[in-house]
Amino acid sequence: MIIIMQDKATEKDVQDVISRVEDFGYMPKLLEGSVRTVIAALGDARDKARLQALESLSHVESVMPILKPYKLCSHEVQSEKTIIDVNGVKIGGDKVVVMAGPCSVEGEEQIMKTAQAVKEAGASILRGGAFKPRTSPYSFQGMEEEGLKLLRKVSDAIGLPIVTEVMNPREADLVHEYTDIMQIGARNVQNFSLLKEVGKLKKPILLKRGLSTTIEEWLMSAEYILSEGNSNVILCERGIRTFEKATRNTLDLSAIPVTKELTHLPVIVDPSHGVGYWQYVASMSKAAVACGTDGLMIEVHWKPEEAFSDGPQSLKPHKFSKLMQELRPVAQAVARTI
Ligand code: PEP
Ligand code: MN
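In the numbering used here, the protein residues as written are 2 to 339.
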């Protein structure tokens with residue numbers, strides 16, 4: 002439920018409502034707008050009649066249900082867009098933020114060379130996996146903590162914040178220690194223990210859409226993170242599983258305008274996993290910018306033919322650089338920068 006305070010309500014009145022909400026067993030979330038204060042009461046809807054009764058207080062204007070199943074993520078609770086600041090890089094603002102780098106960290110020279118190249122081309126965030134979710138247990142599983150150390154070293158040396166995946170609640174603190182953004186991969190989008198764990202942390206979370214999650218399920222997963230207190234969630238569309246076999250997944254670009262209408266959280270696109278072949282990455286990146294993405298996550302490898310994972314979908318640095326140039330007029334056409 003949303004409790005809208007009278008515009009002349011004092012701080013004491015607000016505190017009074019917050020403690021009543023807590024006494025009813027709900028979690029209050031204070032949302033201070035420029036015009037008036039709103040308190041979202043989160044909890045089991047079965048007991049909502051008690052919250053409704055708060056309408057009789059003189060300092061409360063009205064009490065309304067939040068219609069969407071996700072609450073804190075919804076535009077009903079927050080009308081203005083969330084802008085997430087990652088060491089000065091703002092995600093969700095006018096600039097389309099590009100995250101680029103290899104699928105996996107494979108060694109110091111590889112990550113350093115790739116990081117320098119993507120920075121030079123205009124990327125603002127370096128990506129690279131240290132814990133890798135592989136379909137086969139016999140495939141390269143990632144350099145783990147060694148990979149995290151290399152990412153941190155390269156990040157500090159060249160000044161690009163990093164995003165890397167956390168696969169397991171047991172490793173959440175470890176990954177948190179090294180990274181700037183924690184990525185929850187497509188396969189873990191409904192790993193609710195992991196979502197709760199990262200919700201307790203403070204660093205921004207990049208939450209990929211699952212292989213077969215609906216937009217509503219994806220937003221419910223984001224809600225798990227927000228409800229634990231971490232409101233810095235970036236949603237990432239990365240393709241869904243359909244009957245089509247010509248591409249690795251089917252990149253659902255309609256998810257951008259749809260999701261942005263439903264939530265105030267930034268929404269970005271990963272065209273690399275979306276299509277699975279480097280040849281289509283540029284077209285889909287341009288299309289994603291045209292339809293309003295807040296960012297792109299693109300796999301770039303200095304030698305894709307030797308990559309330990311996802312070589313076929315990785316761009317060589319010069320192709321990535323060319324793409325960055327081509328994206329500029331597209332961004333400009335939709336009143337964004339890149
Ligand atoms: C990745 O970003 O390398 C990755 C494994 O992504 P996804 O979870 O979308 O498959
Ligand atoms: Mn990958």
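Cβ coordinates follow ideal geometry from the N, Cα and C atoms, glycine included. Computed from a prediction, not measured in an experiment: that's the story for all the values here.
If distances are taken between C-alpha atoms only, which option among the options comes closest to residue i?
i, options, result
"V301", "E145, I112 and V270", "I112"
"E23", "T38, H274, F141 and R51", "R51"
"R337", "S310, E306, C292 and K197", "C292"
"G160", "T11, G148 and T180", "T180"
"G240", "T264, L263 and K209", "K209"
"R329", "A289, E307 and L149", "A289"
"G44", "K203, P29 and S137", "P29"
"S105", "N88, V87, A131 and T83", "A131"
"G94", "I85, M100 and G102", "I85"
"G198", "E172, P162, K9 and Q7", "Contrary to the premise, residue 198 reads as Glu rather than Gly in this sequence. Residue E172 is the option with its Cα nearest to E198."
"P134", "M144, A101, S125 and R188", "R188"
"V119", "L316, K49 and S284", "L316"
"G148", "T165, S140 and A158", "T165"
"S140", "D311, I40 and G200", "D311"
"E81", "G108, K201, L32 and A46", "L32"
"I216", "T11, S232 and Q191", "Q191"
"E145", "S137, G129, A158 and T136", "G129"
"D48", "S59, L68 and Y27", "Y27"
"V90", "K201, A124, V18 and K72", "A124"
"H177", "K203, K154, L196 and L195", "K203"
"R153", "H76, L68, E109 and R37", "E109"
"P318", "V335, Q333, A334 and I299", "I299"
"N186", "V259, I235 and R21", "The identity of residue 186 in the sequence shown is Gly, whereas the question assumes Asn. Per the Cα distances, I235."
"G200", "S213, D174, E12 and T260", "D174"
"I339", "A54, T11, A10 and M100", "M100"
"R37", "V61, V167 and S232", "V61"
"T83", "V282, S284 and K261", "K261"
Which residue comes first and which comes last in the beta strand (DSSP E) that contains residue i?
i, result
"M325", "Per DSSP, M325 belongs to no beta strand (DSSP E); it is in the alpha helix (DSSP H), P318 to A334."
"V268", "V268 to V270"
"I4", "I3 to M6"
"I226", "Taken as a continuous stretch (DSSP letters only), I226 belongs to no beta strand (DSSP E), being part of the alpha helix (DSSP H) at I216 to S228."
"L52", "Here L52 belongs to no beta strand (DSSP E); instead the alpha helix (DSSP H) covers K49 to Q53."
Note down, in chain order, each residue of its chain lying with its Cβ closer than 7 Å to the Cβ of residue i, except the 5 sequence neighbours on either side.
i, result
"S63", "I5 and E56"
"Q280", "none"
"T294", "V97, I257, V268, I269 and V270"
"C74", "L220, A223, E224, L227, T264 and L266"
"S156", "L127, P162 and I163"
"F309", "S105, E107 and F141"
"A116", "G102, L127, V155, I159 and L161"
"A72", "As written in the sequence, residue 72 is Lys, which differs from the Ala given in the question. Within the same chain, K72 has close Cβ partners A41, L43, V78 and E224."
"Q333", "none"
"E245", "T251"
"G230", "G200 and K201"
Can you give me the Cβ contacts of residue i inside the same chain, cut-off strictly under 6 Å, excluding the 5 residues immediately before and after it?
i, result
"K114", "W303"
"E218", "none"
"A122", "F321, S322 and M325"
"P66", "M2"
"V331", "K287, V290 and A291"
"T214", "V190"
Going by DSSP, which residues form a beta bridge with residue i?
i, result
"C237", "K209 and I269"
"E166", "Q184"
"I339", "DSSP output for I339 lists no bridge partner at all."
"V301", "L316"
"A308", "A308 is not bridged to any residue."
"A42", "P29"
"G296", "V98 and I269"
The alpha helix (DSSP H) spanning residue i covers which residue range?
i, result
"T260", "A256 to L263"
"M285", "V282 to A291"
"F193", "F193 to G200"
"L149", "E145 to I159"
"L252", "Where L252 is concerned, there is no enclosing alpha helix (DSSP H), given that its DSSP letter is neither H nor E."
"A173", "A173 to Y179"
Sorted by chain position, which residues of the same chain lie with C-beta nearer than 8 Å to residue i's C-beta, five sequence neighbours on each side aside?
i, result
"R249", "G240, H274, G275, V276, G277, Y278 and Q314"
"V87", "I126, P162, D181, I182 and P205"
"S59", "Q7"
"E77", "I3, I67, L68 and K69"
"E306", "G312"
"L254", "E238, V270, M285, A288, A289 and C292"
Does any residue of chain B bring its CB to less than 8 Å from the CB of residue i?
i, result
"S140", "In the structure shown, chain B cannot be found, because there is only a single protein chain."
Any chance the CB of residue i is under 7 Å from a heavy atom of the ligand ATP?
i, result
"E300", "Ligands displayed in this structure: the ligand PEP and the ligand MN; the ligand ATP is not among them."
| alpha helix (DSSP H) segments (min. 4 residues) lying fully within the stretch 12-39 | Runs found: 12-24.
| Sequence ranges, beta strand (DSSP E) only - wholly within the stretch 56-136, length at least 3 | Here the runs fully enclosed are 61-65, 85-87, 90-92, 98-102 and 126-128.
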